[in-house]
Structures are given as C-alpha cells and as structure tokens.
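Chemist: Under the UniProt record's numbering, the sequence shown has 20 at position 20, and the numbering climbs by one with no breaks.
All C-beta atoms in this analysis are idealised placements derived from N, C-alpha and C, irrespective of residue type, glycine included.
Structure incoming, see below.
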Amino acid sequence: MERTTIADVAAAADVPVGNVYYYFKTKDELVQAALAEHAGHLAELTGGLDALPDPLQRLKALVEAWVGRRDTAARYGCPTGTLAAELDKRAEGGLDLEAGKVIRLLLDWVERQFRELGLPDPDDLALTFVGAYQGMSLLAAALRDPDVMTRQGARLTRWLDSLADHDTRAAPPAP
C-alpha cells in the first residue's frame, strides 16, 4: 500500500489520473473510501446471512461465501486483513484504527452467532473463526493456491459442526 501511488490506482482502474484526484486528493482519502466500501460489503453480506434462521447456518454460509471468493483470495488475500496489516506499519491512531473497526464489525457479528448457539466463550470462538479465515486467506495468497481456501473452508465447517454437537442448549447441565 505504501508503495502504491494514485497513478497506480488510476492505471489499474483504466482511468485518467485526474479522475482519481478529482475524488481523492490524497492516498489516505482513497484508503478511507476503500475501508468504507469494505464495511458496506460486510454489512450487506452479514445482513443477507441474518435472513437465515439458524446461527450455525449463518456461520457455514459465511464460510461458503469466503470459499466462493477463493480465486480473489489467492491473488490478494483478505482485502480488509491485508489493508489492516499494511496500515499497522504506520504510526498509531490513523487509518490502522479504521481498518480495525471493519474487522471488529466481523468479529462482533460472528460472536453474536456463537452466543445465539449458546456456546461458552463466544468472543474467543469468534477470534478463532475469523483468525482461521485470515490465515487461510493469507496462505492462499502466499501460495497463489485457491484450493487452500477450499480445503481450509471444509475444515472450518467441520469445526463448526463439532461445536454444534456440543451445543450447551441441547441438554440441561447435570445436577
């Protein structure tokens, strides 16, 4: 990100540099817009998943969505995670915090799903789940192998099933 210029962005978008400068006077403004776009896509995705009746179905559908983007992940990793890692190299208190807020939105949504399932430590389960996604995205990109997303997505789904098998709502605690 630091080495990318607005001219690079314009070239990738196949538009004149002036068109990019018209909307974004600085690279930071462009990054803020990208983060807002990521947050919007996340809200749209999780909003659609919220229509599913069961939190386990929602989490599995999220994994399916991630695996469905395996080719993009193999090229770029997780866009928000990659951007957060790049921004974290800067001085604290700027755009790195904004990227963290987008990741926090995902963590909070995932935590709510685990909480609805009645599982203990939903915040830790959310960290494990989102961390698994970040890891598989990073490895898919580093290895340029979309199958990493497929294989690890299947593993993540099996993990979700194993948690559901131990659902604390299924039986009351023993006296």
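1) What are the complete alpha helix (DSSP H) segments, minimum 4 residues, inside the region 40–85?
2) Determine the burial state of Ala141: buried for a count of at least 16 other Cβ atoms within 10 Å of its Cβ, exposed for fewer.
3) Please determine whether the Cβ atom of Asp161 lies at a distance below 7 angstroms from any heavy atom of the ligand GDP.
4) Going along the chain, which residues of its own chain have a beta-carbon closer than 7 angstroms to the beta-carbon of Phe114, five neighbours each way excluded?
5) Return the chain-ordered list of same chain residues with a C-beta closer than 6 angstroms to the C-beta of Gln152, the five sequence neighbours on each side being excluded.
6) Which value, in whole angstroms, describes the spacing of the CA atoms of Val130 and Leu87?
7) Rounding to the nearest angstrom, what Cα-Cα distance links Ala164 and Arg58 in this structure?
8) By how many angstroms is the C-alpha of Ser162 removed from the C-alpha of Thr168?
9) Along the chain, where does the alpha helix (DSSP H) that runs through Leu97 open and close?
10) Check whether the region 69–76 and the region 45–56 touch, using three or more Cβ-Cβ pairs below 8 angstroms as the test.
11) So, for Trp109: in the same chain, excluding its five sequence neighbours on each side, which residues have a beta-carbon less than 6 angstroms away from its beta-carbon?
Modeler: Short version:
1) 55–68, 70–76
2) buried
3) The model on display carries no ligand, and the ligand GDP is accordingly not part of it.
4) Pro122, Leu125, Ala126
5) Met136
6) 19 angstroms
7) 13 angstroms
8) Note that Thr168 scores 47 on pLDDT, short of 50, meaning its location in the model is unreliable; the coordinates nonetheless yield the value given after this. Roughly 12 angstroms between the two C-alpha positions.
9) 95–116
10) no
11) Thr46
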